[in-house]
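In UniProt numbering, the protein residues as written are 1 to 855.
Below is one structure, written out as structure tokens; the observations come after it.
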């Protein structure tokens, strides 16, 4: 049977979750069945058969007569054949249905084809799904008693989470096609701007719930993470730019106590000669150059003309006191593995052509610096002096005492040495075509790169195709140690083996060098260790398993081009300030924590986001509003020192229900995913997945308890509109590359690379990564272009959506997966792939063709 969230489950499974092995940690289930049925008790909490999943097992379905139901619809909009329903056996005594209106609940006279999700009205319970209370006395297992379970605590939490319909209605069961699915991707909390129009846009700053709990007790009952997701350089829509403010001789206006920057929530007093900090409430003097009179309401007359007083996001031009040294030019240094595996895979040709095509678009023109170092068992330095017609190569074979054979002209100005650089890139693929060296001296090469870049900083791009085997930082093959999986030592394989790489990362960060890792190996490459270089320098990890230029060349070209040309902030530090009573305690992402709240970022770009967890400093909050301010001090590619500031406000509430109604699913999943990845470095994957499920269950149970007594909710699962997709996303996260299965499901390098990606992805891209977009293409390709109605329709990730005669595209933001139905028209195959399935071609090596059909 099909589960509601796209997973195909055995007939004995419930609508939510997959069944673990018999007598696993989730084999025990409460007395209350998932559809409201009472099981024979087996102890204080009851138990169920071991085939049961963590969210309950469905008893035999009861169905009303077909006449009482609407014709069901398939996910693609086609009418499905009417199923056969069986009337449940009579009940001796049925309780009277609860009187009143339940938003989202089905009407017994007009049962809907899918549940409706509406904002709960005051004193009304939220939407509900599941069996009517009339069937609560029906035993789920009338003849056999279930075996005892093992995890009683989790059992108790699952006891309340069953799925049913409104009281008193004939339950048609759970229609998996009607369950909510995020077919439109991430939903940014736009309503926040309606309540606080002066806030920065949610694309820059999102709280997990856009309210702040007034007490510690509310925090403990919330169960979900309390925190935020920050995307400081998020790309604005076309035509929208971040305003730039230059205070000139007045200097940047800041609070003299907490150092908060002037913002729209600051208030003015004393006829405009004072301004009050909205974070610490200190009254500050207004510089004479910045003075303006106030109107009758106490607002400055020029507030609308000043972006820092009217917009939540603004950039300040930083004066010289914000500079430790003069702004450095953007620098790119390429560290390229030229061993035999790199040569044979075609890596050198793809990298050389891509870099050459991006030379005109590199940031910082005409100040851009560039350099190259190649390595195998020796280090090859290249002289790019502008007076040369061809670059000169110098080889250093002493890996224990690395030195620079030529201190100058290894990192040169691109404009001055453009012809030498292009000559090098043209010759690079042929320069090492006869190389048969299988060794890799990555560690010594990193030390050499540090010597070259140490005085300037910039971005170091490492292309690695072989496990480091020589010199300092050499690593051993440990990815095949199957015995560690499923034990307490399993996580050791996912943490760095050699501290050398973290030590080098600390040195790189200190000298403003960011490291991006491109792993292109057909064997184990120890991403867990190499990824430390990117993790602590604000960099990124790219992984191409079994790289071949014919198959992965386009992907490498696209990602490398994006890496070289996207908006980047250099020599950066970021700090997030909070209002009275709260503080950020834990930070997640790629950075080096310089102090308790200062994030060092040698380079940060528009594709990276950060998450942090929030805690209350007071047992009981005394303020009505809490303010947050994100400040990113950086050097722009043009050489200007700037401060990007995002300011937001959130109300303090005493109602737990309001916290749930203002919850942000995208931010919650972003924080939970980062926490789960970090927990996987110290715990087993099974435990990490259980922790995610337990947080979800406890949270939904707490929300249910808000209504269960007053409105006689019974055994039905309810949840707020804001969290309607959370169970699906948690399931998708547990099935992601970073967390799913064990040794046989995902290779160690792929798992670690996915974990590094999750740590930096913004909310929108993260949700698409764990819950990809599915599109049907054959219906579009076989019609005339003028007959296409808008964009492609996104489909739910369910088995019913797949037609054996269809052609589908699955997009997770990193990889395209094309699914070909066995009954697909042969003509369509020839048009798209240029091959016929009758010849049994190797589809993994086929490239999609561009067709002249205006599609």
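Cβ atoms here follow ideal geometry from the backbone N, Cα and C, with glycine treated the same way.
Can residue 764 and residue 722 be called in contact, C-beta distance under 7 Å?
no
Under 6 Å Cβ to Cβ from residue 392, same chain only, skipping five residues before and after it: list those, please.
383
Which same chain residues, not among the five before or five after residue 621, have their C-beta less than 6 Å away from its C-beta?
214, 581, 652
Taking the Cβ atom as the reference point for each residue, do residue 530 and residue 505 lie within a distance shorter than 7 Å?
no
Would you identify the three-state DSSP class for residue 875, choosing helix, strand or coil?
The displayed coordinates of the chain run from 1 to 855. Any statement about residue 875 would go beyond what the structure contains.
Leaving out the 5 sequence neighbours to the left and right, which residues in its chain are closer than 8 Å to residue 680 when beta-carbon positions are compared?
491, 494, 688, 738, 739, 755
With a threshold of 16 other CB atoms inside 10 Å of the CB of residue 206, please say whether the residue is buried or exposed.
buried
Just the C-alpha distance for residue 190 and residue 199, rounded to the nearest angstrom, thanks.
11 Å
Give me the Cα-Cα distance between residue 489 and residue 497, rounded to the nearest whole angstrom.
13 Å
Residue 316 bridges to which residues according to DSSP?
245, 643
Do you know whose CA, among 188, 209, 195, lies nearest residue 202's CA?
188
Given this structure, state the Cα-to-Cα distance separating residue 648 from residue 281, to the nearest angstrom.
16 Å
In chain order, what residues of the same chain have a beta carbon less than 7 Å from the beta carbon of residue 809, not counting five sequence neighbours either side?
775, 777, 816, 818
Closer than 7 Å by C-beta to residue 543: which residues in its own chain qualify, once you throw out the five before and the five after it? Chain order, please.
519, 527, 749, 750, 753
At 3 residues or longer, what runs of the beta strand (DSSP E) sit wholly inside the segment 382 to 408?
392 to 396
Helix, strand or coil, according to DSSP, for residue 551 in the structure here?
helix
Which same chain residues end up closer than 6 Å to residue 346 when comparing Cβ atoms and leaving out the 5 residues on each side of it in sequence?
549
Give every residue of the same chain whose Cβ lies closer than 7 Å to the Cβ of residue 482, excluding the five residues on either side of it in the sequence, and list them in chain order.
743
Please classify residue 571: does DSSP put it in a helix, a strand, or coil?
strand
Using only alpha-carbon positions, find the residue among 476, 573, 231 that is nearest to residue 513.
573
Among the residues of its own chain, which have a CB less than 6 Å from the CB of residue 375, if the five just before and after it don't count?
441, 445
How would you call residue 301, buried or exposed, if buried means at least 16 neighbouring beta carbons within 10 angstroms?
exposed
For the alpha helix (DSSP H) containing residue 690, list its first residue and its last residue.
685 to 705
Beta-carbon spacing of residue 564, residue 362 below 7 Å
yes
Length of the line joining the Cα atoms of residue 511 and residue 636:
17 Å
In chain order, what are the residue ranges of uninterrupted beta strand (DSSP E) at least 3 long that sit wholly in the segment 424 to 484?
458 to 464
Taking the beta carbon of residue 590 as the centre, do at least 16 other beta carbons fall within 10 Å, making it buried, or is it exposed?
buried
Three-state secondary structure (DSSP) of residue 730:
helix
Taking 7 Å as the limit between beta carbons, can you name the residues of its chain near residue 847, skipping five residues before and five after?
none
Mapping the DSSP letters down to three states, classify residue 557 as helix, strand or coil.
helix
Give the single residue among 554, 253, 221, 552 whose Cα lies nearest to the Cα of residue 705.
221
Hey, would you say residue 465 sits closer than 7 Å to residue 341, going by beta carbons?
yes
Leaving out the 5 sequence neighbours to the left and right, which residues in its chain are closer than 7 Å to residue 388 when beta-carbon positions are compared?
420
Rounded to whole angstroms, what is the Cα-Cα separation between residue 628 and residue 180?
33 Å
Tell me the residue span of the beta strand (DSSP E) that contains residue 509.
Not the beta strand (DSSP E): residue 509 falls in the alpha helix (DSSP H), residues 500 to 510.
Quick check: what's the CA-CA separation for residue 258 versus residue 801?
55 Å
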